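Asker:
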Amino acid sequence: MHLRPSPRRPRGPRTRTTARLTATVLAAVALLVSACSSGSSTTSAGGTTDAALAALPRATPSALSSYYSQTLHWRSCGVAGFQCATMKAPLDYAKPGAGDVRLAVARKKATGKGKPLGSLLVNPGGPGGSAVGYLQSYAGVGYPADVRARYDMVAVDPRGVARSEPVECLDGRQMDAYTQTDLTPDDQKERNALVTADKKFAESCGARSARLLRHVSTVEAARDMDILRAVLGDPKLNYVGASYGTFLGATYAGLFPDRVGRVVLDGAMDPSLDARRLNLDQTAGFETAFQAFAKDCVRHTDCPLGGKGTTPAQVGDHLRAFFRKLDAHPIPARDADGRKLGEALATTGVIAAMYDQGTWGQLREVLASAMRENDGSGLLALSDSYFERDADGRYSNLMMANAAVNCLDLPPAFTGPDEVEKALPTFEKASPVFGAGLAWASLNCAYWPVRAMGGPHRIKAQGAAPIVVVGTTRDPATPYRWAQSLSRQLSSARLLTYVGDGHTAYGRGSTCIDTAINTYLLHGTPPTAGKRCS
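Residues -45 to -1, 1 to 489 (mature numbering (1 follows the signal peptide of the UniProt record, and there is no 0)) make up the sequence shown, in order.
Take a look at the structure:
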């Protein structure tokens, strides 16, 4: 069931979701370490700290001057109101003369006549989400009008993502097979098949993207953002990042605290956690979201998982029974490629709907179709949206980039299937519905062809301007305690809390949240300490 809910997709045309249960969180909370040209120091617990960043040169190294002084040549994107350009960055910051990586940049110029505030860079998360696509489909047209009036809205696809020299691995048919791999193996044969699938995925990435795989870390992406800041003519970086985009933004702040402008980190990641803890926390987060969905579902007459008086635990039992049925006997779906709905894709579809309370009604409908009418088309469509698979069977590179960044940023959650087996009770306790699949999904980085270059660490960003960290109390993908932790780590953070459901908070309907963030972006006034909205 290779799904992998990582914290991307905050809002916009689709709810959040990313790629393959396989490593849940993908928090890709990787690390600020290696890709830097200087070495890093570690704490007694082994976590990299801001001490590593202190060794980085504060001025622009002469070897990078050509990158910082380059001129972007803007052209039409083919999307009304937007301009696109290509920016060069060093493939390897330790060896700037060893080649370049070309990054796709897009912008929409400020629409107002008032005093401009410079550029506002946006990133939707992932890792692997296209920031350029997000800008064109949502942020550039859906952000508040007064924000778009004062800022040039800007996005760059991080290295290895979408339009920026994408990481490539499997083709469409191979991806179809991979996403249907059974992540709840019942015997040794199924366990071997899962391991083989993860190995083949990793090998294909190594074979097709060897040049890139060592150079798609979050640290390098953050350094690329500093080049973009300079090329755009901004003395400081103004930034809104969601999900994994919060880790990218926090990493930037740790590297360049004196260049932090107005920065919002919505749906925060906790960089101090290792991969297994991140995955376990997110497993619990999805269980919390499912419990909320279950309580809501039984209030509606069309709920196929129970009715009035049915407890959330019983709803979960009914769903697990349905998954077991699909594991043994997949059901038909209206699919041009002849795919059926099995346990893997059904679980992915349900996970996809957990990111946004607004999709719960749709989830009830498609579950009813599958459970009562033996029609898996609706759940299959949710799964396809999650994986960014189009009607022609083509996938974006979301899953490929997601794995490439995560596996480079953090050591693997598990080094082999025996470790997963031992951890299953812990994951199943965290989520009776999703725990087993999310544990097995965390295995993929064990076979990655490039060794991880990062590790858990704390980010202080001493001397940075105020940074707004936003957390949602029942966020399934980035649990609220992560926002609390990051706000304690960052020396200048202000924690803004949304009491509610869903992944991320800005632009999701809370006037209180939106007003606080807009005031900060437009006037530089951060929310009061401890501010809570509902």
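Cβ coordinates follow ideal geometry from the N, Cα and C atoms, glycine included.
All figures in this text were calculated on a predicted structure; none of them were measured in a lab.
As a quick exercise: from Asp181, Pro267 and Thr136, pick the residue whose alpha carbon is nearest that of Leu149.
Answerer: Selected option, being the one with the closest Cα: Thr136.
Asker: For the alpha helix (DSSP H) containing Tyr453, name the first residue and the last one.
Answerer: Tyr453 -> not in any alpha helix (DSSP H); beta strand (DSSP E) instead, spanning Ala448 to Asp456.
Asker: One question on the structure: do Tyr453 and Val423 come within less than 8 Å of each other, judged by their Cβ atoms?
Answerer: Against a cut-off of 8 Å, the Cβ pair of Val423 and Tyr453 comes out as no contact.
Asker: From Val60 to Glu145, what does the alpha carbon distance come to, in whole angstroms?
Answerer: Cα to Cα, Val60 sits roughly 43 Å from Glu145.
Asker: Three-state secondary structure (DSSP) at Cys252?
Answerer: Looking at Cys252 - three-state DSSP - the assignment turns out to be helix.
Asker: Across the segment 365 to 381 and the segment 188 to 201, are there enough close Cβ pairs to call them in contact, namely three or more that are closer than 8 Å?
Answerer: Output reads no: the segment 188 to 201 does not touch the segment 365 to 381.
Asker: Starting from Tyr194, follow its DSSP beta bridges and name the residues at the other end.
Answerer: For Tyr194, which the question treats as bridged, DSSP gives the partners Leu76 and Val218.
Asker: DSSP has Ser31 in a bridge; who is on the other side?
Answerer: Beta-bridge pairing links Ser31 to Gln38.
Asker: Should Ala(-23) go down as buried or exposed, given a rule of 16 or more other Cβ atoms within 10 Å for buried?
Answerer: Low per-residue confidence applies at Ala(-23): pLDDT is 32, beneath 50, and the placement is therefore not dependable, though the value from the model is reported in the following sentence. It is buried - the Cβ of Ala(-23) has at least 16 other Cβ atoms within 10 Å.
Asker: Cβ of Ala288 within 8 Å of Cβ of Gly271?
Answerer: No, Cβ-Cβ distance for Ala288 and Gly271 is not below 8 Å.
Asker: In whole angstroms, give me the CA-to-CA distance for Leu27 and Thr41.
Answerer: Cα-Cα distance, rounded: 7 Å.
Asker: Going by C-alpha to C-alpha distance, which of Asp311, Ser386, Asp347 and Trp403 sits closest to residue 491?
Answerer: No information on residue 491 is available, as it lies outside the stretch -45 to 489 that the chain covers here.
Asker: By DSSP, does Asp290 sit in helix, in strand, or in coil?
Answerer: Looking at Asp290 - three-state DSSP - the assignment turns out to be coil, as it is neither helix nor strand.
Asker: Among Ser446, Cys488, Ala460 and Pro482, which one has its Cα closest to the Cα of Asp213?
Answerer: Among Ser446, Cys488, Ala460 and Pro482, the Cα nearest to that of Asp213 is on Ser446.
Asker: In angstroms, rounded to a whole number, what distance separates the CA positions of Ala35 and Gly161?
Answerer: Approximately 38 Å between the Cα atoms of the pair.
Asker: Is it true that the segment 153 to 171 meets the segment 104 to 123, where meeting means three or more beta-carbon pairs spaced less than 8 Å apart?
Answerer: Touching, per the Cβ criterion.
Asker: Around the C-beta of residue 507, are 16 or more other C-beta atoms found within 10 angstroms, so that it is buried, or is it exposed?
Answerer: A question about residue 507 goes unanswered here, because the residues of the chain that appear run from -45 up to 489.
Asker: Measuring straight from C-alpha to C-alpha, what distance separates Asp126 and Gly348?
Answerer: Those two C-alpha atoms are separated by around 9 Å.
Asker: Quick one: Cα of His458 to Cα of Thr427, how far?
Answerer: Their backbone Cα atoms lie some 7 Å apart in a straight line.
Asker: How is Cys160 classed by DSSP in three states: helix, strand or coil?
Answerer: Helix at Cys160.
Asker: Between the C-alpha atoms of Ser(-5) and Ala94, what's the straight-line distance to the nearest angstrom?
Answerer: Caution applies to Ser(-5), whose pLDDT of 32 falls short of 50 and renders its modelled position unreliable; the value that the coordinates give is listed next. Each residue's alpha carbon lies about 38 Å from the other.
Asker: Here's a check: name, in chain order, each residue in its chain whose Cβ is nearer than 6 Å to the Cβ of Ala244, leaving out the five neighbours to either side.
Answerer: Answer for Ala244: Met309 and Pro431, listed in chain order.
Asker: Return the residue from the list Leu76, Gln444 and Ala291 that minimises the CA-CA distance to Gly209.
Answerer: Per the Cα distances, Gln444.
Asker: What would DSSP say about Lys43, mapped onto helix, strand or coil?
Answerer: Here Lys43 sits in strand by DSSP.
Asker: What is the C-beta distance between Ala53 and Ile182, in whole angstroms, given that I count them as a contact (C-beta under 8 Å)?
Answerer: Wrong, their Cβ atoms sit about 16 Å apart, outside the cutoff.
Asker: Kindly give me the distance between the Cβ atoms of Ala157 and Pro404, rounded to whole angstroms, as I take these residues to be in contact under 8 Å.
Answerer: Yes, they are in contact, since the Cβ atoms of Ala157 and Pro404 sit about 6 Å apart, within 8 Å.
Asker: Using beta-carbon positions only, say whether Ile286 and Ala323 come within less than 8 Å of one another.
Answerer: For Ile286 and Ala323, no; Cβs fall outside 8 Å.
Asker: Measuring CB to CB, does Met108 end up less than 8 Å from Arg62?
Answerer: Yes, the Cβ-Cβ distance between Met108 and Arg62 is below 8 Å.
Asker: Here's the rule: buried if 16 or more other CB atoms are within 10 angstroms of the residue's CB, otherwise exposed. What is Arg254?
Answerer: It is exposed - the Cβ of Arg254 has fewer than 16 other Cβ atoms within 10 Å.
Asker: Look up Leu260 in the DSSP assignment and say whether it is helix, strand or coil.
Answerer: Three-state DSSP puts Leu260 in coil, outside helix and strand.
Asker: Please look up how many angstroms separate the CB atoms of Lys295 and Gly331, rounded, as I've assumed it's under 8 Å.
Answerer: Between Gly331 and Lys295 the Cβ distance is about 7 Å, and since that is below 8 Å, they are a contact.
Asker: Could you spell out where the alpha helix (DSSP H) holding Ile182 opens and where it closes?
Answerer: Start and end: Thr173 to Val186.
Asker: Are Pro82 and Tyr199 touching if we call contact CB-CB under 8 Å?
Answerer: Yes, the Cβ-Cβ distance between Pro82 and Tyr199 is below 8 Å.
Asker: Can you tell me the Cα-Cα spacing of Val360 and Gly262, whole angstroms?
Answerer: Val360 and Gly262: Cα-Cα distance of roughly 43 Å.
Asker: What is the rounded straight-line gap between the Cα of Trp437 and the Cα of Gln25?
Answerer: Rounded to whole angstroms, Trp437 to Gln25 spans 37 Å at the Cα level.
Asker: Ignore the nearest five residues each way along the sequence and tell me which others in Ala104's own chain have a CB closer than 7 Å to its CB.
Answerer: The residues are Ala65, Thr66, Gly67 and Gly69.
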